[in-house]
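Q: Let me give you the structure first, and then I'll get to my questions.
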Amino acid sequence: MNKKQIALLLLMVVGLGVILFFTFAHFKIEKEKMLENASNNNRIEQLNEKEKEAKEKKQKQEEGQRKVNLLLESLQNTKKVVLAQHDSSGEITSVATQYKYIKIKEITEESVIQEIIDCFKDSTWQEVRNDDFIGKLWQFYDGEDKLILEYEGHAFVTQDQNVVIYIQENRKNRLYSYFEEI
Numbered sequence: 041m042n043k044k045q046i047a048l049l050l051l052m053v054v055g056l057g058v059i060l061f062f063t064f065a066h067f068k069i070e071k072e073k074m075l076e077n078a079s080n081n082n083r084i085e086q087l088n089e090k091e092k093e094a095k096e097k098k099q100k101q102e103e104g105q106r107k108v109n110l111l112l113e114s115l116q117n118t119k120k121v122v123l124a125q126h127d128s129s130g131e132i133t134s135v136a137t138q139y140k141y142i143k144i145k146e147i148t149e150e151s152v153i154q155e156i157i158d159c160f161k162d163s164t165w166q167e168v169r170n171d172d173f174i175g176k177l178w179q180f181y182d183g184e185d186k187l188i189l190e191y192e193g194h195a196f197v198t199q200d201q202n203v204v205i206y207i208q209e210n211r212k213n214r215l216y217s218y219f220e221e222i
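Residue numbers (this note's numbering): 41 to 222.
Right, here's the structure in full:
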C-alpha cells in the first residue's frame with residue numbers, strides 16, 4: 041500500500057469516526073429531549089388531574105351547599121319543633137335510622153323556633169359524616185303538621201335525602217341546651 045492509499049484510508053477512518061461521534065452525540069441529545077418532554081408531559085398530566093379533582097371537589101361542595109341552603113329555606117316554614125331522646129321504647133322512629141325516640145319536648149313558640157333555626161344559619165355541607173351517635177333528634181314540622189326534616193346531630197334528613205352538615209361548636213352547644221332546659 042502506498043502512502044496515498046494509507047492517507048486516504050486514515051482520512052476515511054477519521055471521517056467515519058467524526059461522523060459516528062456527532063451522530064451518537066445527536067442521538068444522546070435527542071434522547072435527553074425526549075425524556076425531558078416525557079417528564080414535562082407527566083407533570084402537565086398530573087397538574088391537569090389535580091385541577092380536575094379540585095374542580096370536581098369544588099362542584100361537589102357547591103352542590104352540597106346548595107342542598108343545605110334549600111333545606112334551610114324549607115325550615116323557614118317551621119311551626120313546630122319536636123325534641124326527642126333515644127329510647128328503645130319510644131314511639132318516634134327516625135327517618136334516617138331505625139332508632140326509636142321518645143318525645144321530650146314540643147316547641148311551638150315562634151321566637152324559640154326561630155332561635156333554633158338560627159343555630160343552623162351558617163351550616164356548611166360536609167362530605168364525610170361523623171358517626172358518633174348522640175341520641176338526640178330534632179324534628180321540624182310545618183303548619184299542617186307535616187315533617188319538613190329531621191336533624192339528628194350530623195345531618196339534615198328528609199324522606200329523600202340525607203345531607204351531612206357542619207355546625208359551629210357554639211351553635212351546636214346551643215342546640216343541645218334545649219334538651220337541658222327541660
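Built from N, CA and C at the ideal position, the CB exists for glycine as well.
Cα-Cα, which of Q166, C159, E192 is closest to G175?
A: Position 135 of the sequence shown, counted from the first residue, corresponds to residue 175. If we check each option's Cα against that of G175, E192 comes out closest.
Q: Please determine if the segment 108–123 and the segment 88–96 are in contact, where contact requires at least 3 C-beta pairs separated by less than 8 Å.
A: Short answer: they don't touch.
Q: Identify, in the order they occur along the chain, each residue of the same chain with its Cβ nearer than 7 Å to the Cβ of Q208, setting aside the five sequence neighbours on each side.
A: By 1-based counting over the sequence shown, the position of residue 208 is 168. For Q208, where only same-chain residues beyond five positions count, the Cβ hits under 7 Å are D162.
Q: By the DSSP assignment, the beta strand (DSSP E) with I205 in it spans what residues?
A: As a position in the sequence shown, residue 205 is number 165, starting the count at 1. That run of the beta strand (DSSP E) goes 202–206.
Q: Can you tell me whether F160 is buried or exposed? The criterion is at least 16 other CB atoms within 10 Å of its CB, across all chains shown.
A: What you label residue 160 is simply residue 120 of the sequence shown in a count that begins at 1. Buried, since its Cβ has 16 or more Cβ neighbours within 10 Å.
Q: From which residue to which residue does the alpha helix (DSSP H) around I174 run?
A: Along the sequence shown, one-based indexing puts residue 174 at 134. That residue, I174, is in no alpha helix (DSSP H); it is neither H nor E in DSSP.
Q: Using CA coordinates, which residue listed in Q166, F64, L115, Y141 is at the minimum distance from E155?
A: The residue labelled residue 155 in the question sits at position 115 within the sequence shown. Here the closest residue by C-alpha is L115.
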